[in-house]
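Per UniProt numbering, residue 1 is the first one in the sequence shown, and the count goes up by one each step. Beneath this line is the structure, given in structure tokens, with notes to follow.
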Amino acid sequence: MRLRIRHAEGMATLSDMKEDQTISILKNSIKNAIDLSGAQDIQSIVYNIIDINAFLTDSFELVSGGYPPKPFNDMNATLSNAGLRDGDTLNIKVLDTVAPQQQSNTSTASSGTANTLKEGSVQTANGVLQLRGNLHYVLRRDTTISPELRKVIVDGIKNNSDMYSDTADKFKITIDKYMEWIQKPNSWGGAIELAIFSACFGVEIDSIDVQTGRIDKFGEGSYDERVLIVYSGIHYDALALTPTADSPPDFDQTRFPVSEGSILDAAKQLVDGLRKSHKFTDIANFTLKCEQCNTGLKGEKDAQDHAAATGHTRFTEYA
């Protein structure tokens with residue numbers, strides 16, 4: 001089995017994996033292939049498989065860009081049982097361990113500045129702002145309440161059916177179909193959902209797009225506090241302020257006064273660093289392959305047109 005591995009430094013290829021090998025073996029093979037140091041480990045392995053039925057609803061500005069990533073959490077599952085096939089592409093996220101001396105040096109940053117510690121974090125006058133979990137984390141400090149949040153979305157749509165009916169008519173999808181879709185565990189939402197969460201949790205949600213640097217503020221002017229999230233084109237990551245780079249989550253601050261402009265400035269700098277490292281997916285121009293006929297495609301429009309013309313519904317991203 002031949003697998004392509006996409007990571008921060010580029011691409012690698014595994015040419016001799018077996019279908020009956022486990023995800024744990026795959027993880028170790030990836031570590032060797034990309035030559036991780038002893039202070040690094042693989043935080044996540046994500047299989048980008050596109051379900052066009054979800055992809056077509058991207059007209060609703062879906063968070064995932066139409067293909068929610070499938071993370072591998074069961075290290076004992078075989079590659080075959082995990083759904084991997086020859087030629088698939090995997091995205092990996094590497095977790096860095098910052099040495100104590102590095103932390104000591106960067107902690108002396110002067111007040112009001114933001115010096116880069118490591119990718120995905122910046123030093124501020126009050127601590128380290130860094131990527132931490134997903135959207136659920138900034139709302140409830142819990143990453144396991146996805147079903148509850150999906151119900152919040154459905155209730156929000158039902159309570160404002162007139163507003164969302166207009167949107168549904170525009171994009172040729174019924175509200176009932178959308179509410180059914182958003183409750184599926186692999187479905188991801190976007191602007192609609194963020195507006196609902198802002199109202200439900202009584203907080204401004206500031207979403208910063210890595211590719212463009214654009215900031216979308218949901219609930220702006222209505223609340224005294226804000227939470228910060230970063231959109232990579234595939235998913236959202238939460239931002240938290242921590243006393244040090246390796247502080248446990250118990251000390252995280254995820255809500256900030258809207259009057260505190262310095263924290264938003266630090267978030268912008270963090271995102272600037274991610275953009276320079278190309279830590280985003282350009283859904284308008286990424287390259288896809290139809291799994292059913294091997295046709296090469298570019299971007300979501302090609303995928304939508306191909307699906308409409310052929311009825312094919314499964315696509316994979318490739319480099």
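Glycine included, each C-beta is placed from N, C-alpha and C at the ideal position.
Look up residue i in the DSSP assignment and give the residues it is bridged to.
{"i": "Lys124", "result": "For the sequence presented, residue 124 should be read as Thr rather than Lys. According to DSSP, Thr124 bridges with Gly127."}
{"i": "Lys298", "result": "Thr287"}
{"i": "Ile229", "result": "Ser207, Ala238"}
{"i": "Thr13", "result": "Arg4"}
According to DSSP, is residue i part of a helix, a strand, or is it coil?
{"i": "Ile205", "result": "strand"}
{"i": "Pro257", "result": "strand"}
{"i": "Tyr223", "result": "coil"}
{"i": "Arg214", "result": "coil"}
{"i": "Asp305", "result": "helix"}
{"i": "residue 323", "result": "This structure cannot settle anything about residue 323, because the visible part of the chain is limited to 1 through 319."}
{"i": "Val234", "result": "The displayed chain sequence assigns Ile, not Val, to residue 234. Reduced to three states, the DSSP call for Ile234 is coil."}
{"i": "Ile5", "result": "strand"}
{"i": "Glu193", "result": "helix"}
{"i": "Asn81", "result": "coil"}
{"i": "Asn91", "result": "strand"}
{"i": "Arg140", "result": "helix"}
{"i": "Thr310", "result": "helix"}
{"i": "Glu19", "result": "coil"}
{"i": "Gln183", "result": "coil"}
{"i": "Ala245", "result": "coil"}
{"i": "Arg275", "result": "helix"}
{"i": "Met75", "result": "coil"}
{"i": "Ile30", "result": "helix"}
{"i": "Gly112", "result": "Summary for Gly112: the model assigns pLDDT 36, below 50, so the residue's position carries little reliability; its value from the coordinates is reported in the next sentence. Coil."}
{"i": "Asp282", "result": "coil"}
{"i": "Asp86", "result": "coil"}
{"i": "Gly156", "result": "helix"}
{"i": "Asp250", "result": "helix"}
{"i": "Asp35", "result": "coil"}
Using C-beta distances below 7 Å, list every residue in its chain close to residue i, excluding the 5 sequence neighbours before and after it, in chain order.
{"i": "Cys290", "result": "Leu297, His306, His312, Phe315"}
{"i": "Ser29", "result": "Leu14, Met17"}
{"i": "Cys200", "result": "Val152, Gly156"}
{"i": "Gln183", "result": "Arg150, Val154"}
{"i": "Gly202", "result": "Tyr223"}
Going by beta carbon distance, what residues of the same chain come within less than 8 Å of residue i, once the five residues before and after it are set aside?
{"i": "Ile175", "result": "Ile157, Ser161, Tyr164, Ser165, Ala168"}
{"i": "Asp302", "result": "Leu288"}
{"i": "Ile50", "result": "Caution applies to Ile50, whose pLDDT of 39 falls short of 50 and renders its modelled position unreliable; the value that the coordinates give is listed next. Gly66, Tyr67, Leu288, Ala303, Arg314, Phe315, Thr316, Glu317."}
{"i": "Ile293", "result": "One point to set straight first is that residue 293 is Cys, not Ile, in the sequence displayed. If we look at Cys293 and ignore the five residues flanking it on each side, its Cβ neighbours are Thr310, His312."}
{"i": "Ala308", "result": "none"}
Can you check whether the C-beta of residue i is within less than 7 Å of a C-beta belonging to chain B?
{"i": "Asn159", "result": "Of the chains in the structure shown, none is chain B; there is only one protein chain."}
Report, in whole angstroms, the separation of the C-beta atoms of residue i and residue j, which I expect to be a contact under 8 Å.
{"i": "Val271", "j": "Ile208", "result": "5 Å"}
{"i": "Asp86", "j": "Met179", "result": "About 38 Å; that fails the 8 Å criterion."}
{"i": "Val210", "j": "Tyr231", "result": "7 Å"}
{"i": "Ala238", "j": "Asn134", "result": "6 Å"}
{"i": "Asp74", "j": "Ile23", "result": "6 Å"}
{"i": "Thr242", "j": "Gly127", "result": "6 Å"}
{"i": "Thr295", "j": "Gly233", "result": "Their Cβ separation, rounded to whole angstroms, is 23 Å, which puts Thr295 and Gly233 out of contact at 8 Å."}
{"i": "residue 320", "j": "Ala240", "result": "Residue 320 cannot be examined here, being either before or after the span of the chain that is shown, 1 to 319."}
{"i": "Leu228", "j": "Asp88", "result": "Not really, about 33 Å apart at Cβ, beyond 8 Å."}
{"i": "Arg214", "j": "Val258", "result": "That pair is no contact at about 18 Å."}
To which residues of the same chain is residue i closer than 6 Å at the C-beta, ignoring the five residues directly before and after it?
{"i": "Trp181", "result": "Ser187"}
{"i": "Gly219", "result": "Ser198, Glu204"}
{"i": "Asp216", "result": "Ser207"}
{"i": "Gly299", "result": "Ala284, Asn285"}
{"i": "Thr310", "result": "none"}
{"i": "Leu274", "result": "Val210"}
{"i": "Phe256", "result": "Arg226, Ile263"}
{"i": "Ser110", "result": "Note that Ser110 has pLDDT 31, beneath the 50 cutoff, so the model's placement of it is unreliable and the number below is only indicative. Answer for Ser110: no residue qualifies."}
{"i": "Asn76", "result": "Thr22"}
- Item | the segment 185-198 / the segment 154-165 touching (three or more Cβ pairs under 8 Å) | yes
- Message: Quick test of the definition: if touching needs 3 or more C-beta pairs under 8 Å, does the segment 177-187 touch the segment 246-256?
- Response: no
- Message: So, does the segment 260-280 touch the segment 117-136, judging by three or more C-beta pairs under 8 Å?
- Response: yes
- Message: Any contact between the segment 70-89 and the segment 18-26? By contact I mean 3 or more CB pairs, one from each, below 8 Å.
- Response: yes
- Query: Is the segment 284-293 touching the segment 133-151, taking contact as three or more C-beta pairs under 8 Å?
  - Reply: no
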